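Residue 643 in UniProt numbering sits at position 643 of the sequence shown, and the numbers go up by one each step.
Notes follow once the structure below has been shown.
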Amino acid sequence: MVDFSALSTDNEESRNHIDVTVDSISGMAIDTYIVGRKFSDEKEVNLGANISLLRDPDNIKDSNAIKVLSASSACCKVLGYLPLELAQYLSPLIEKYCLSFEGYVISVPKRSLDAVQIQIVCQNSIFNGKKGYDEFEALHLWQKALQVVEFAKNRPPNTTKYQQNFCLLLKEVLTSSPHLFTKDKKKFIESFTSLSEDSQRLFVRLYTRKGPWFRLSTIMYPEICNPQQAVKELSATGYLYLFEDTTKLHDDEMKDLLSLLTVSELRDILCTLRKKCNQGSRKQNLIASLLSCYKGGSCPVLQRLILERTEICIRTSPEAESLFWRAERLFFLNGEQDLSAFLLVDLGIVKYPTYNCIILEQIFSNESDLLAYEEAIEVAQVIDQSLDENNFELVLRCIMIADSRISCCPEKLIDSTSPDLMAIFRSCFSASWVYSKVILLGISFLECERRYKDAIHLLRRLLDCFTCDTRRGYWTVRLSVDLEHIGCPNESLSVAEAGLLDPWVRAGSRMALQRRVLRLAKPPRRWKTPSFSVTLKRKIIEVHIQGRPLNCEAGRKSRFYGEDGEQCGVEQLALQYYAREGGWQGVHTESGIWMTIFGLLMWDVLLSDVPNVFRTRFQTAPLDMETDHFYLARKSLIEPQLQKIHDGLAEEILITSWELHMGTACRGVNWDQHSLSDLRAAVSCIRGPCLASLCRHLAQDYGSWSSGMPDLLLWRFHGDYKGEAKLVEVKGPRDQLSEQQRAWLLLLMDCGFNAEVCKVSTTGTSP
């Protein structure tokens, strides 16, 4: 990916490099390329051939296009074009400021249609007698042109985008994390750039495809001239495995190879083996039939029969696949993004925000930490698949492995006020953190199986090992509930009471524990009523409406007939009610609109210069966003911004942020779901102090408060400048408030919001 945002970086080095004057432009040389060779009049070029430039303003693909002409030819044949990134700056210099360029070919490529390296020289000074002359603009355009040339030096135009992106990924990983690779592994990765262009392209193509095996006869890509030669080189260097000898095939690879065959080829093999072949059988049934024969020992020639039809098959080697998978994970730091992230940027589908990567500390201190992390991820993948396939034996095996691993490396206690709090957001890249997720999946499985004692053991293990983790609230609630399941109410109460003293138990989990304490702490277990009982008994306003039901089936989301006779959910029914009764406008959004408002109001804070939280160019939020470190590290930026919001400047900040960053990906911001007019209406109707208080809670603990907000945000205006807002949680006939929702409603009331619950009940009968 060519990141041209880097061209605007105003650093000292680039300023020194482009320190030119109007008079010094004449005679300056630029090394660049002729591209678009498939549109040329001459397919062959000679080293040293003279060339000249000609504007092509009528070009339908690029109005800034500049042709490269052969000056050696009497009829000035077209050899191709200048790269469009350079042409956008040179074209106005040629047209408006009358610059002319000549040059010559300095390198001839092996293939006639590849880009040709040239050097062009400005033949004259900027003409200052023409109307509209602007010396500053002319110099700016020339400086931009020089920056493009400098930036493109290490990015030859013959390199395809995906090939270039892959090489960039490898280079950045080796530069940022060389300590995580042995000498041999580094040498292997570095050798990739030494491969031929065809070999690099073929490997990336295969690496990003779903395999693992491919028939060589079907490998055809227009940018790969000689795939057979590329396969030979990749095989010799250890990047590919070939299946051309039946003695080298493992039994577990048989199914993958059979899937390469067509249905007719599979039937042909079955007929050759004189096995029963149902003409209507599906491909998977045919494969299963052949596999059963092979595993039963009645079909020893199956490998040969497959090879006769597929001919040579290829796959990326497990060693290369494993190593480049590691590089990808180190580059993106998650399992969701891959090389397609580059493509989305190249196509303009996704635009990532601009920020500075200030890396002072490594995520992984050594290779053993990384290997342990990778092993934990593999266990997590196995338990996910085992749960999907109901393979309970393998689920229990994964639980046992995870339990033993975290027992060996418990997390150290981290004081929430110490600078070491940064270690909390880095901990999600540790093996123990991944194993904690495996154990949590196991706990849910064990609870479903009513194996509460085993679940209790694992919950205690998590609470002992992870002393600084916002998940402690959920774990404590589950432990208290499971203890009650096995008939230990006293211990259940003690666990709940201890949890309320834990600073890491927050939001809905804290409220759930408070309610458990109130229920369990009856005499004679406890004689004193807890002080928080007053908070829990606070009344939340309830509004009751009725609707004509479409369905009344348990386990299905309630559907109603709206006031217009159309089918709708309970939220739409409530919106219609509030519009009719109070003239309210609004949206059904739950947490979405609030996360969008928070992201827009705090945009500069989110992307501020904080060390170690931005590590790649493909992030939509800092790594510490859902931790306590986020607020503490940016308090000096957050509080002044909150003061502006408190003072009524939120709408102005929101409009500015929207106009500057429209379409840029940012955590929580949904550009498509919410219009600027809705966001402005909502913000203008919410009092500044209320909005500032809400944003402060999100800044201090985004992880705990980013979900569970009321379903509806309503607003209405009184005149042109004053308005009011209301937040409504909507509940259907069989729904109850969750603890997180109750916690949000009470918090919103404390912040000064008008919040209530709308309960929808049925009237009449379902048709």
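Every residue, glycine too, gets a C-beta built ideally from N, C-alpha and C.
Because the structure is a prediction, the values reported are computed rather than measured.
My parser needs the alpha helix (DSSP H) runs of 4 or more residues fully inside the stretch 300 to 351; what are they? With a minimum length of 4 residues, the continuous alpha helix (DSSP H) runs that stay inside the stretch 300 to 351 are 302 to 310, 318 to 332, 340 to 346.
Since Cys76 contacts Arg215 with CB under 8 angstroms, what's their CB separation in whole angstroms? That pair is no contact at about 48 angstroms.
I need the straight-line Cα distance from Gly348 to Thr664, nearest angstrom please. So the two alpha carbons sit approximately 10 angstroms from each other.
Cutting at 8 angstroms between CB atoms, please list the residues of its own chain near Gly238, excluding the five before and the five after it. Phe188, Ser317, Glu319, Ala320
How would you write the range of the beta strand (DSSP E) that Val543 sits in, first residue to last? 542 to 551
Same chain, Cβ closer than 6 angstroms to Lys412, neighbours up to 5 away in sequence not counted: Legend: pLDDT at Lys412 = 43, less than 50; position of this residue unreliable, value from coordinates given subsequently. Nothing listed; no residue qualifies.
Where the beta strand (DSSP E) through Leu527 begins and ends: According to the sequence shown, residue 527 is Trp rather than Leu. Neither: Trp527 is in no beta strand (DSSP E) and is coded neither H nor E.
On the three-pair Cβ rule with 8 angstroms, is the stretch 573 to 591 touching the stretch 627 to 637? no
Apart from the five residues just before and just after Gly547, which ones in its own chain have a Cβ nearer than 6 angstroms to its Cβ? Phe560, Leu573, Val760
On the three-pair Cβ rule with 8 angstroms, is the stretch 707 to 721 touching the stretch 642 to 649? no
In this structure, does DSSP put Ser569 in helix, strand or coil? First, the amino acid is wrong: residue 569 is Gly here, not Ser. Strand at Gly569.
Taking C-beta to C-beta, are Gly599 and Val669 nearer than 8 angstroms? yes
Take Lys537 as the anchor and find which of Cys167, Asn334, Arg742 has the nearest alpha-carbon. Arg742
Please go through the same chain and pick out, in chain order, the residues whose beta-carbon is closer than 8 angstroms to the beta-carbon of Val121, but skip the five residues on each side of it. Gly27, Met28, Ala29, Ile30, Phe101, Glu102, Gly103
For Trp527, count neighbouring C-beta atoms within 10 Å of its own C-beta (all shown protein chains included) and say buried if the count is 16 or more, exposed if not. In summary, Trp527 is exposed, with fewer than 16 beta-carbon neighbours lying within 10 Å of its beta-carbon over all protein chains present.
Can the beta-carbon of Glu739 be found closer than 8 angstroms to that of Gly508? yes
Quick one: residues in its chain with C-beta nearer than 7 angstroms to the C-beta of Val495, no 5 flanking neighbours on either side, listed in chain order? Thr476, Leu479, Ser480, Leu483
Close beta carbons around Ser430, own chain, < 7 angstroms, minus the five adjacent residues each side: Tyr373
Leu606 to Asp346 span [Cα, whole Å]: 24 angstroms
Based on Cα-Cα distance, which residue from Leu654, His674, Ala87 lies nearest to Gly688? Checking every option, the nearest Cα to that of Gly688 belongs to Leu654.
Alpha carbon to alpha carbon, how far is Ile540 from Gln576? 22 angstroms
Look at Arg37 and Leu113 and say whether their C-beta atoms are less than 8 angstroms apart. Contact flag set, yes.
Which residues mark the beginning and the end of the beta strand (DSSP E) in which Phe101 is found? Counting along the chain, the unbroken beta strand (DSSP E) around Phe101 starts and ends at 101 to 107.
Scan the UniProt domain "HIRAN" (27 to 124) and note each continuous beta strand (DSSP E) run of 3 residues or more that stays entirely inside, going in chain order. Whole beta strand (DSSP E) segments, 3+ residues: 29 to 34, 50 to 55, 66 to 70, 78 to 81, 101 to 107, 116 to 122.
Exposure label - Ala621; buried when at least 16 CB within 10 Å: buried
CA nearest to the CA of Leu286, picked from Thr262, Arg209, Glu308: Thr262
Could you give the DSSP three-state label for Trp715: helix, strand or coil? strand
Cys695, enclosing alpha helix (DSSP H) - first and last residue: 688 to 700
My assumption, with CB atoms under 8 angstroms, is that Leu463 sits in contact with Ile443. Please give the rounded CB distance. Going by Cβ atoms, the distance from Leu463 to Ile443 rounds to 12 angstroms, so no, they are not a contact pair.
Label Ser63 either buried or exposed according to how many other C-beta atoms from any shown protein chain fall within 10 Å of its C-beta, with 16 as the threshold for buried. exposed
Given Arg516 as reference, the closest of Leu623, Gly499, Tyr33 once Cα atoms are compared: Gly499
Going by DSSP, what residues sit across from Cys758 in a beta bridge? Answer is Val543, Val730.
Hey, could you find the ends of the alpha helix (DSSP H) Gly499 is sitting in? 489 to 499
Assuming residue 775 is part of the alpha helix (DSSP H), what are its boundary residues? The structure shown does not extend to residue 775, since the chain is modelled only from 1 through 767, so no value can be given for it.
Which runs of the beta strand (DSSP E) fall wholly inside the stretch 226 to 276 and span at least 3 residues, in chain order? 240 to 243
Quick one: complete alpha helix (DSSP H) runs, 4+ long, within the stretch 143 to 191? 161 to 176, 183 to 190
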